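One structure below.
Numbering (this note's numbering), first residue to last: 25 to 166.
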């Protein structure tokens with residue numbers, strides 16, 4: 025199924041539920057002005073809508089398991105933006121933690137080559153066997 029309709033339905037249903045529940049959950053009077061409505065609409069379309077569209081495309085391309093690992097990058101992106109935009113100080117454990125997260129993602133997605141074979145070895149016939157696997161018959165001593 026194409027990503028745009030899926031993301032549109034997901035965000036649209038979420039917005040409808042929130043519109044129905046908002047009058048019952050608001051703790052203070054709400055005054056909706058044109059700038060407020062435009063700001064909320066822009067946030068819903070530009071951030072949430074595009075994020076859902078992007079996520080739906082990733083799930084259809086990479087599969088659900090690999091796509092879910094994208095969420096592990098959120099802390100690393102937050103720290104990076106805090107340093108770049110807000111001028112926050114960096115300590116040694118932040119880049120080390122980011123490297124551990126990235127290594128975990130690479131391992132979980134199978135992007136790191138493994139030295140050992142997991143599972144049964146394929147059956148080889150003599151016609152396709154590697155020459156090093158061929159053994160000479162043993163000779164008994166005279």
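Where a beta carbon is used, it is the ideal one built from N, C-alpha and C, also for glycine.
Bear in mind that the values here come from a model prediction, so they are computed numbers and not experimental data.
- In the structure shown, residue 42 falls within a helical segment according to DSSP collapsed to helix, strand and coil.
- Taking residue 75 as reference, the option from 56, 32 and 49 with the minimal CA-CA separation is 32.
- Residue 130 sits in a helix when the DSSP states are folded into three classes.
- Residue 30 is not a Cβ neighbour of residue 65, given a cutoff of 8 Å.
- Judged by their CB atoms, residue 82 and residue 91 are nearer to each other than the 8 Å cut-off.
- Closest by C-alpha distance to residue 125, out of 35, 112, 97 and 137, is 97.
- Under the 10 Å beta carbon count, residue 38 is surrounded by fewer than 16 other beta carbons and is classified as exposed.
- About 4 Å separates the beta carbons of residue 122 and residue 100, which is inside the 8 Å limit, making them a contact pair.
- Bounds of any alpha helix (DSSP H) do not take in residue 113, whose DSSP letter is neither H nor E.
- Here residue 72 has 35 as same chain residues with Cβ atoms under 7 Å from its own Cβ, once five neighbours each way along the sequence are excluded.
- Going by beta carbons, residue 27 and residue 84 fall inside the 8 Å limit.
- By the CB criterion at 8 Å, residue 57 and residue 93 fall outside the cutoff.
- Here residue 77 carries a helix assignment [DSSP, helix/strand/coil].
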